[in-house]
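Under mature numbering (1 follows the signal peptide of the UniProt record, and there is no 0), the letters of the sequence shown match residues -25 to -1, 1 to 343, in that order. Just so you know, even glycine gets a beta-carbon here, dropped at the ideal spot from N, CA and C. This structure is a prediction, so every number in the text was calculated from the model and none was measured. These notes are about the structure you will find just below.
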Amino acid sequence: MAFFTSSRCSLLLLLALFALSNVSAFRVAPPVVKHYQKRSLTQLRSSNSNDDDTTPLIVPEIVLDEGAEVVRARESQSSFYRTATWLYGATTFDSLSCAARIGGTPATAMATSVPSAALALAAVSVHTLKSASDSSRLNSDTYKRLNLSLMAYSLFNVVSGLASFKTLTPMKSSQCAVHVYSVFVCLTGWLKGARGLNPEASASAPTIASLAASELFTGFKNTLSTLSTASKSLSSLPYTLGAAGAFLMFLHDVILMGVQANKAALPAAKVVTRCASAAISSIFFGTLVTLADACNRKRNNGTTFVYLNGAASLSAMSVLLASLLNSASLNGRVKATAALAFSVCAVAFNNCRKNLPEEFWEGKKNAS
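Printed below as a string of structure tokens:
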């Protein structure tokens, strides 16, 4: 009975409501309407007409006829992202409320603040992907990379939940369900970005295995190129260093899991710890590379990247505070995490502050 009276009941209600809202994504898409633009063009009349005579002509614009299937696929993917955003947001509040009920100790602060920060960052990242889906930009390397990092984050959390299946709490069970849904959403989003939204083109595209091999290899090269270019800019250099640190932490956890599993000396508790750490590293890596790329291309003043900057700042601040509260057992890993979080927090907050629109500061001045 306590389970149904807790905040997880609201999470299940949100899941049901937004699943029902996705039904609208499968409606028949309206026909594409051709738009026409009125332009004034100078036409030569007869020799007795005035030279400055202009006749307004209605000239059809060149528009892209996407087709009903493409529009339906894009709307469906956007609705999936919207549902995942709300589910991640509800899971974040559920995790924070559970931490408040347990009580604040250094151990519980480290165990709840860091996953909650990652969940909040995942919610903003999925919202970024929804905006990209609405604008038909999922085929960009930036958003394909973000899809893969979110999918890795959710996959490692699912593996962590399966490793502790016998001791799963209701909160962990609901989080695993959200992560399974996120894996599906990010996988379909990545496939639509790599293969296209046209079902006829997708049918003639290569298989998923060959597509994954080529796309991952190309994406890895583009990521290295992005980081090497961003490292030459002073504004994007901290993002590059933070992404490199997150990637090294990710490799450290994955390699240790592989070595210990090969020696048959990997207990379930270690699997849970390593997978949770690898999940957080993957979401931070994808976000920081995205911000470094946006900063390198002078696009970090866009609303989407300002929100992502703010979310990265708050998430890194939560990791930093949790690391400082756990200073009684401040080992090298916690020190590195705290230093990385502090640098990312400072740079992200500074970029977020600088890139806010001027109307925001004018409103503040008028209010004062």
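What runs of the alpha helix (DSSP H), each 4 residues or longer, lie entirely inside the segment 90 to 170? Along the segment 90 to 170, the alpha helix (DSSP H) occurs as fully enclosed runs of 4 or more residues at 116 to 138, 145 to 170, listed in sequence order.
Quick one: what does DSSP say Ser211 is sitting in, helix, strand or coil? In the structure shown, the three-state DSSP call for Ser211 is coil.
Between the CA atoms of Trp61 and Ser252 - distance to the nearest angstrom: Taking the straight line joining both Cα atoms gives about 24 Å.
Helix, strand or coil at Arg272 according to DSSP, with G and I counted as helix: Looking at Arg272 - three-state DSSP - the assignment turns out to be coil, as it is neither helix nor strand.
How long is the line joining the alpha carbons of Leu162 and Ser108, rounded to whole angstroms? When rounded, the distance between both Cα atoms is 14 Å.
Would you identify the three-state DSSP class for Gly277, choosing helix, strand or coil? Of the three classes helix, strand and coil, the one that applies to Gly277 here is coil, per DSSP.
In angstroms, rounded to a whole number, what distance separates the CA positions of Ala221 and Ser257? Computed Cα separation, rounded: 7 Å.
Selection from Phe55, Ala43, Val89, Arg47 that minimises the alpha carbon distance to Met292: The shortest C-alpha separation from Met292 is found at Val89.
Give me the Cα-Cα distance between Met146 and Ala152, rounded to the nearest whole angstrom. Within the model, the alpha-carbon separation for Met146 versus Ala152 is close to 10 Å.
Could you check if Phe140 is buried or exposed, using at least 16 other CB atoms within 10 Å of its CB as the buried criterion? With fewer than 16 other Cβ atoms within 10 Å, it is exposed.
Within 10 Å of its beta-carbon, does Phe159 have 16 or more other beta-carbons around it, so buried, or fewer, so exposed? Phe159 should be labelled exposed.
Can you say whether Ile230 is buried or exposed, counting buried as having 16 or more other CB atoms within 10 angstroms of its CB? Note on Ile230: under 16 other CB atoms within 10 angstroms of its CB, so exposed under the neighbour-count rule.
Supposed close pair Ala218, Ala267 - CB separation, criterion 8 Å: With 8 Å as the limit, Ala218 and Ala267 qualify as a contact, their Cβ atoms being about 6 Å apart.
Span separating the alpha-carbon of Cys270 from that of Thr279: Per the coordinates, the alpha-carbon of Cys270 lies some 12 Å from the alpha-carbon of Thr279.
Would you call Gly277 buried or exposed, if buried means 16 or more other Cβ atoms sit within 10 Å of its Cβ? Under this definition Gly277 is an exposed residue.
Given Arg112, which residues of its chain have a CB within under 8 Å of its CB, disregarding the five upstream and five downstream residues? Shown here for Arg112: same chain residues with a beta carbon closer than 8 Å to its own, the five before and five after excluded, namely Tyr118 in chain order.
Cβ separation of Leu123 and Leu104, assumed to be a contact under 8 Å, to the nearest whole Å: 11 Å between Cβ atoms; not a contact.
Of the listed residues Asn114, Val133, Leu283, Ala48, nearest to Arg249 (C-alpha basis): Residue nearest to Arg249 within the set Asn114, Val133, Leu283, Ala48 is Val133 (criterion: CA-CA distance).
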